[in-house]
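Peer 1:
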Amino acid sequence: MSADEHLDLYRRFPDGLPPELLRLDDMELLHALGGPTLIRVAGRGLQRPRAVACLLHGDESTGYHAIMKVLRRHRTYDFDLYVLIGNVRAALADGGFQHRFLDDQEDFNRIWGLEERTTRMRLAASEMLEELKAADVESLVDIHNNTGDNPFYAIVTNLRPETLNLATIFTTTILEWELEAHTLMEAFEGDTAAIAVECGLAGIPESLAFAVDALRRYLGAPPLERDTVQRDFDMLGDMIKVMVRPEVEFNFGGQFSEDIDFVIREDADVHNFVEVPAGHVVGKVLPGGSLPLVATASHGADVTDEHFEVVDGAVMFKKQATPVMMTRTVEAARKDCLFYLATARRPEEVRIEYADGPRRPDPRSAAPRDHEVEGPAGPR
Numbered sequence: 002m003s004a005d006e007h008l009d010l011y012r013r014f015p016d017g018l019p020p021e022l023l024r025l026d027d028m029e030l031l032h033a034l035g036g037p038t039l040i041r042v043a044g045r046g047l048q049r050p051r052a053v054a055c056l057l058h059g060d061e062s063t064g065y066h067a068i069m070k071v072l073r074r075h076r077t078y079d080f081d082l083y084v085l086i087g088n089v090r091a092a093l094a095d096g097g098f099q100h101r102f103l104d105d106q107e108d109f110n111r112i113w114g115l116e117e118r119t120t121r122m123r124l125a126a127s128e129m130l131e132e133l134k135a136a137d138v139e140s141l142v143d144i145h146n147n148t149g150d151n152p153f154y155a156i157v158t159n160l161r162p163e164t165l166n167l168a169t170i171f172t173t174t175i176l177e178w179e180l181e182a183h184t185l186m187e188a189f190e191g192d193t194a195a196i197a198v199e200c201g202l203a204g205i206p207e208s209l210a211f212a213v214d215a216l217r218r219y220l221g222a223p224p225l226e227r228d229t230v231q232r233d234f235d236m237l238g239d240m241i242k243v244m245v246r247p248e249v250e251f252n253f254g255g256q257f258s259e260d261i262d263f264v265i266r267e268d269a270d271v272h273n274f275v276e277v278p279a280g281h282v283v284g285k286v287l288p289g290g291s292l293p294l295v296a297t298a299s300h301g302a303d304v305t306d307e308h309f310e311v312v313d314g315a316v317m318f319k320k321q322a323t324p325v326m327m328t329r330t331v332e333a334a335r336k337d338c339l340f341y342l343a344t345a346r347r348p349e350e351v352r353i354e355y356a357d358g359p360r361r362p363d364p365r366s367a368a369p370r371d372h373e374v375e376g377p378a379g380p381r
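Quick note, the working numbering runs 1 ahead of the 1-based positions in the sequence shown.
Here it is as structure tokens:
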């Protein structure tokens with residue numbers, strides 16, 4: 002691919018953003034960028050590069066604002082820092098930060114590592130991914146927001162010590178992701194630790210404060226420890242995706258009408274990351290209505306009837322479970338899902354992945370201050 006074609010797919014700033022762009026406010030800068038962008042902030046070259054991604058979803062503004070606050074400090078690190086800014090067109094539409102992605106687009110966080118490079122977006126993702134891999138980044142953090150009430154948490158795709166150590170720089174609440182959805186974090190294998198960090202609702206001061214503080218910890222941290230898990234954490238896994246059936250029209254906390262078949266509890270998202278009992282009500286359907294939900298396990302099996310039922314018009318859980326990422330918007334539910342179900346993992350169930358095979362934490366040891374497990378050279 003020629004240099005002109007390369008630049009046409011996404012903007013490159015191999016020497017950092019020029020001063021005239023950094024002087025713009027955040028929205029003006031997005032307009033100036035115009036599309037996906039990859040920035041390299043040169044460091045001292047003493048450590049492997051690190052990377053941060055934001056705006057893969059156009060309505061998730063917190064990561065972008067946090068990264069710009071960091072870049073405007075003009076710090077020089079011991080490593081090169083790569084900054085990936087994703088779906089700029091969606092972020093700019095309708096006044097800014099209103100859409101996860103536009104109707105004529107794919108989800109920018111569901112196209113990484115695809116072999117079929119059939120669209121501009123896929124080509125841009127493929128080229129940016131190749132550039133980050135060629136740079137041999139030690140770690141990548143993809144910053145997101147939720148569209149419902151959630152705690153701050155990190156998502157990991159493997160349980161290697163370096164991945165868990167990266168995640169717990171940001172938060173000690175972790176989800177293990179096994180859904181193979183072509184996310185950016187899934188596109189990195191081998192020697193690069195890659196995670197997503199969810200910073201709560203977009204547009205509120207608490208989310209931005211968390212993201213800025215966490216980014217500063219990440220950029221000030223030493224190279225990732227690869228032999229020992231350094232901090233304790235809580236983990237959920239075995240995620241099941243729950244969607245509203247496509248033919249069902251729904252709302253949150255409203256009323257039935259000619260256009261609405263399913264009314265979801267207005268406060269449904271307050272139960273995110275809270276274990277709820279069998280019988281917990283998600284919403285209600287019309288008299289005689291069938292289940293409006295479909296639940297899919299990570300291996301693709303339909304598990305709806307194992308987890309949900311309709312009783313006297315109430316859509317409820319059949320068994321104890323923990324909902325996570327419950328949204329409060331119809332658009333987010335349609336473009337991704339309504340929520341996920343997850344299962345809490347006890348410390349002794351977490352199998353840390355080492356190069357020579359997974360090991361369980363020793364249940365005879367004292368309550369682990371850091372999920373401390375036996376490494377290749379013995380206990381640490």
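The beta-carbon is built from N, C-alpha and C at its ideal position, and this holds for glycine as well.
All values reported here derive from a predicted model rather than from experimental measurement.
Is V89 closer than 9 Å to P20 when the C-beta atoms are compared?
Peer 2: Taking 9 Å as the Cβ cut-off, P20 and V89 do not qualify as a contacting pair.
Peer 1: If I follow the unbroken beta strand (DSSP E) through A182, where does it start and stop?
Peer 2: Looking at the DSSP string, A182 is not in any beta strand (DSSP E), and its letter there is neither H nor E.
Peer 1: In terms of DSSP beta bridges, what is H75 paired with?
Peer 2: DSSP, once it has assigned bridges, lists no residue as partnering H75.
Peer 1: Would you kindly work out how many angstroms separate the C-alpha atoms of M122 and C338, rounded to a whole number?
Peer 2: Going from the Cα of M122 to the Cα of C338 covers about 22 Å.
Peer 1: In chain order, what residues of the same chain lie with their CB nearer than 6 Å to the CB of L165, ignoring the 5 residues before and after it?
Peer 2: Excluding residues within five positions, the ones whose Cβ falls inside 6 Å are V230.
Peer 1: Quick one: using the 10 Å Cβ neighbour count with 16 as the cut-off for buried, is H75 buried or exposed?
Peer 2: Looking at its Cβ environment, which holds fewer than 16 other Cβ atoms inside 10 Å, H75 is exposed.
Peer 1: Can you tell me which of the three DSSP states E139 falls into?
Peer 2: The answer is coil: DSSP assigns E139 none of H, G, I, E or B.
Peer 1: Just to confirm, are V316 and V282 a CB contact at a threshold of 9 Å?
Peer 2: Yes.
Peer 1: Can you check whether the C-beta of I175 is within less than 9 Å of a C-beta belonging to chain B?
Peer 2: Reference to chain B is not applicable here, since this structure consists of a single protein chain.
Peer 1: Within the chosen definition, does the stretch 58–67 reach the stretch 86–101 through at least 3 CB pairs nearer than 8 Å?
Peer 2: Yes, since at least three Cβ pairs between the stretch 58–67 and the stretch 86–101 fall closer than 8 Å, the two stretches touch.
Peer 1: Let me confirm a value: E177 is counted as buried when at least 16 other C-beta atoms fall within 10 Å, else exposed. Which label applies?
Peer 2: E177 should be labelled buried.
Peer 1: Look up S258 in the DSSP assignment and give the residues it is bridged to.
Peer 2: Note: S258 sits in a beta bridge opposite I261.
Peer 1: Measure the C-alpha to C-alpha separation of P288 and A168 and round it to an integer number of angstroms.
Peer 2: If I take the Cα positions, the gap works out to 46 Å.
Peer 1: Among all the DSSP beta bridges, which residues are the ones paired with N252?
Peer 2: According to DSSP, which records beta bridges pairwise, N252 is partnered with V264.
Peer 1: Okay, do the stretch 176–196 and the stretch 126–145 touch, 3+ Cβ pairs below 8 Å being the bar?
Peer 2: Judged by Cβ distances under 8 Å, the stretch 176–196 makes contact with the stretch 126–145, as three or more pairs qualify.
Peer 1: Does F274 come out as helix, strand or coil in the three-state DSSP assignment?
Peer 2: If DSSP states are grouped into helix, strand and coil, F274 belongs with coil.
Peer 1: Determine the extent of the beta strand (DSSP E) in which F340 is found, giving its start and end residues.
Peer 2: First-last of the beta strand (DSSP E) with F340: 340–346.
Peer 1: Ignore the nearest five residues each way along the sequence and tell me which others in Y154's own chain have a CB closer than 7 Å to its CB.
Peer 2: Excluding positions up to five away in sequence, the list reads T172, T174, I175, L176, E199.
Peer 1: Could you check what DSSP says for F171 in three-state terms: helix, strand or coil?
Peer 2: The answer is helix: DSSP assigns F171 an H, G or I state.
Peer 1: Buried or exposed: T63, going by 16 or more other Cβ atoms within 10 Å of its Cβ?
Peer 2: Buried is the call here.
Peer 1: Span of the alpha helix (DSSP H) holding L209?
Peer 2: Here the alpha helix (DSSP H) through L209 covers 206–221.
Peer 1: If I follow the unbroken beta strand (DSSP E) through R51, where does it start and stop?
Peer 2: It spans 51–55 - the beta strand (DSSP E) in which R51 sits, taken as one unbroken run.
Peer 1: Which residue or residues does DSSP assign as beta-bridge partners of F318?
Peer 2: Answer by DSSP bridge pairing, in chain order: F309.
Peer 1: Should S140 and A54 be called a contact, given that it needs their Cβ atoms to be closer than 9 Å?
Peer 2: No, they are not a contact pair.
Peer 1: With H, G and I counted as helix, E and B as strand and the rest as coil, what does DSSP make of R123?
Peer 2: Of the three classes helix, strand and coil, the one that applies to R123 here is helix, per DSSP.
Peer 1: For T158, which residues from the same chain have a beta carbon less than 6 Å from its beta carbon, with the 5 sequence-adjacent residues on both sides left out?
Peer 2: Closer than 6 Å at Cβ, skipping near neighbours: W178, M186, E187.
Peer 1: Just curious, the beta strand (DSSP E) that P324 is in, first and last residue?
Peer 2: Element bounds for P324: 323–325.
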